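What follows is a set of notes on a single structure, which appears directly below.
In our numbering, the protein residues as written are 153 to 210.
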């Protein structure tokens, strides 16, 4: 059980870091700041990051 919780915590931190990184790179604008409701760069960025995490830590 504790491995599942640790994996969930690492995944949530990774998602937040991807969001911050894409925002600083100008590829993601939150909806509150006038961005669209759906962001393909954010979707694929999180997808790739979680995929790589799951390859390294199944």
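Cβ coordinates follow ideal geometry from the N, Cα and C atoms, glycine included.
Being a predicted model, the structure only gives us computed values, none of them experimental.
Considering only 205, 174, 204, the residue with the shortest C-alpha distance to residue 187 is 174. In terms of CA proximity to residue 170, 199 leads the group 208, 157, 160, 199. Excluding its 5 nearest sequence neighbours in each direction, residue 193 has C-beta neighbours in its own chain below 8 Å: 174, 179, 180, listed in chain order. Taken atom to atom, the span from the alpha-carbon of residue 210 to that of residue 182 is near 31 Å.
As the crow flies, the alpha-carbon of residue 164 is around 22 Å from that of residue 185.
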